[in-house]
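A.B. asks: Okay, handing you the structure first.
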């Protein structure tokens, strides 16, 4: 990967702490780690609509850290949107499925089983990205706990007892360890982003050192290429914008770790 270009694309008013996005039918569907909404932003009409994910609460935006569901991952699969909690604390273990209606599932047992089976304890468990393949769910663990356990949990869609874990070594950014923040499948390749912030906690934020873009073949998770994204941004969401034979362009969303009700969307273009 080379000749990386980062450009401002637009600012969306009404969303803070954006943590993931999907580009679908000229709409951006976004989640925020301190919100109970799935946000739908039309790129043609520039209108923002909110889809409430929990009908039993009035605490919907800018939710306090101790109470927030911490939705960090979103993907689109078979006409449905899947949203995952990070699992970094016991109240962050939900999976939401949305297709006209909202379905809520408790993933506590699945998350706990992954922690026990692959020796990733609660203090180092932090799901920040998700990909659905034909037969598996790939959960990207952000290694910003004390053990820096970056890796990919792979769960069989049809039998969640079947699972594996690929430990992934990621580079440092200004002497700070990078950790997964999101990923997307494009053809035979996984593209991911990983941010570095000076905190050894899955709960507390730290000073941001920057974000890298990475790529590997889905059949070989150790064949990783990475490149640093310009600036000191904490990018937490990536989705495909467009691609040609020579270039591929993504949308990125940024979490500025504040309560300001706006989020900036960037476009990132690289040579293929």
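Residue numbers (my numbering): 2 to 273. Even for Gly, the Cβ is constructed at its ideal location relative to N, Cα and C.
Give the single residue among 154, 27, 267, 173 whose Cα lies nearest to the Cα of residue 253.
C.D. replies: It is 267 whose Cα lies nearest to the Cα of residue 253.
A.B. asks: Indicate the three-state DSSP secondary structure (helix, strand or coil) for residue 234 in the structure shown.
C.D. replies: Three-state result, residue 234: coil.
A.B. asks: If we count the other Cβ atoms within 10 Å of its Cβ and call it buried at 16 or more, is residue 47 buried or exposed?
C.D. replies: When all chains shown are included, residue 47 counts as exposed.
A.B. asks: For residue 107, I'd like the list of residues in its chain whose CB is within less than 7 Å of its CB, leaving aside the five on either flank, ordered along the chain.
C.D. replies: Answer for residue 107: 94, 95, listed in chain order.
A.B. asks: So for residue 125, helix, strand or coil by DSSP?
C.D. replies: Residue 125 falls in the helix class under three-state DSSP.
A.B. asks: Would you check if there are 3 or more beta carbon pairs closer than 8 Å linking the stretch 183-198 to the stretch 209-225?
C.D. replies: Touching, yes.
A.B. asks: Decide yes or no for the touch test of the stretch 60-69 against the stretch 157-176: beta carbon pairs closer than 8 Å, at least 3 of them.
C.D. replies: Cβ pair count under 8 Å is below three, so no.
A.B. asks: If you draw a straight line from the alpha carbon of residue 14 to that of residue 261, how long is it in whole angstroms?
C.D. replies: Taking the straight line joining both Cα atoms gives about 9 Å.
A.B. asks: Residue 46 bridges to which residues according to DSSP?
C.D. replies: Bridge partners of residue 46: none, in fact.
A.B. asks: Can you check which of these residues, 234, 242, 4, 270, is closest to residue 19 by C-alpha distance?
C.D. replies: Of the listed residues, the one whose Cα sits closest to residue 19 is 234.
A.B. asks: Tell me whether residue 156 is buried or exposed, calling it buried when 16 or more other Cβ atoms sit within 10 Å of its Cβ.
C.D. replies: By the 10 Å Cβ count, residue 156 comes out buried.
A.B. asks: Could you check how far apart the C-beta atoms of residue 240 and residue 23 are, in whole angstroms? I think they sit under 8 Å.
C.D. replies: Right, their Cβ atoms sit about 5 Å apart.
A.B. asks: Comparing C-alpha positions only, which one of 140, 128, 122 sits nearest to residue 148?
C.D. replies: Comparing Cα-Cα distances from residue 148 to each of 140, 128, 122, the minimum goes to 122.
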